[in-house]
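*Asks:*
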Amino acid sequence: MTAVIPTQISLKQKGAGTVEYTPVKALNTFLRDWKIKARIVSKTDKIITSKGGSLLKITLVDKQGSQIDATFFN
2 MTAVIPTQIS LKQKGAGTVE YTPVKALNTF LRDWKIKARI VSKTDKIITS KGGSLLKITL
62 VDKQGSQIDA TFFN
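Okay, so the sequence shown: first residue is 2 according to the numbering used here, each after it adds one.
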């Protein structure tokens, strides 16, 4: 049996309209115009590279417990 993963979850915001969030588990390379809502569970210190750029890595977890890593440059 396989689990069905919704491609979007609708959340009502106080005083605003409905906001559509995509679960981290549903992200793929073919999905366009996505928005996630997640919590930062870990982050590295900002690293300065030898060429003068900067690098920061974080780990995000959404409401369903799915995890994704993100890397920021410059």
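Quick reminder that beta carbons are idealized off the backbone N, C-alpha and C, glycines included.
Can you have a look at Thr30 and say buried or exposed, based on whether 16 or more other CB atoms are within 10 angstroms of its CB?
*Replies:* On the sequence shown, residue 30 is found 29 positions in, with the first residue counted as 1. Exposed, since its Cβ has fewer than 16 Cβ neighbours within 10 Å.
*Asks:* Quick check on DSSP: helix, strand or coil for Lys26?
*Replies:* Locating residue 26 in the sequence shown gives position 25, where the first residue counts as 1. Correct three-state label for Lys26: helix.
*Asks:* Excluding five sequence neighbours on each side, which residues of the same chain lie with their C-beta closer than 7 angstroms to the C-beta of Trp35?
*Replies:* Within the sequence shown, residue 35 is the residue found at index 34, counting from 1. Contacts found: Thr23 and Leu28.
*Asks:* Note down, in chain order, each residue of its chain lying with its Cβ closer than 8 angstroms to the Cβ of Gly54, except the 5 sequence neighbours on either side.
*Replies:* For this step, residue 54 is matched to residue 53 along the sequence shown. So the list reads Phe74 and Asn75, once near-sequence residues are dropped.
*Asks:* Work out the CA separation of Ile41 and Lys58 for me, nearest whole Å.
*Replies:* Position 57 of the sequence shown, counting from 1, holds the residue named residue 58. Position 40 of the sequence shown, counting from 1, holds the residue named residue 41. Answer to the nearest angstrom: the Cα atoms are 11 angstroms apart.
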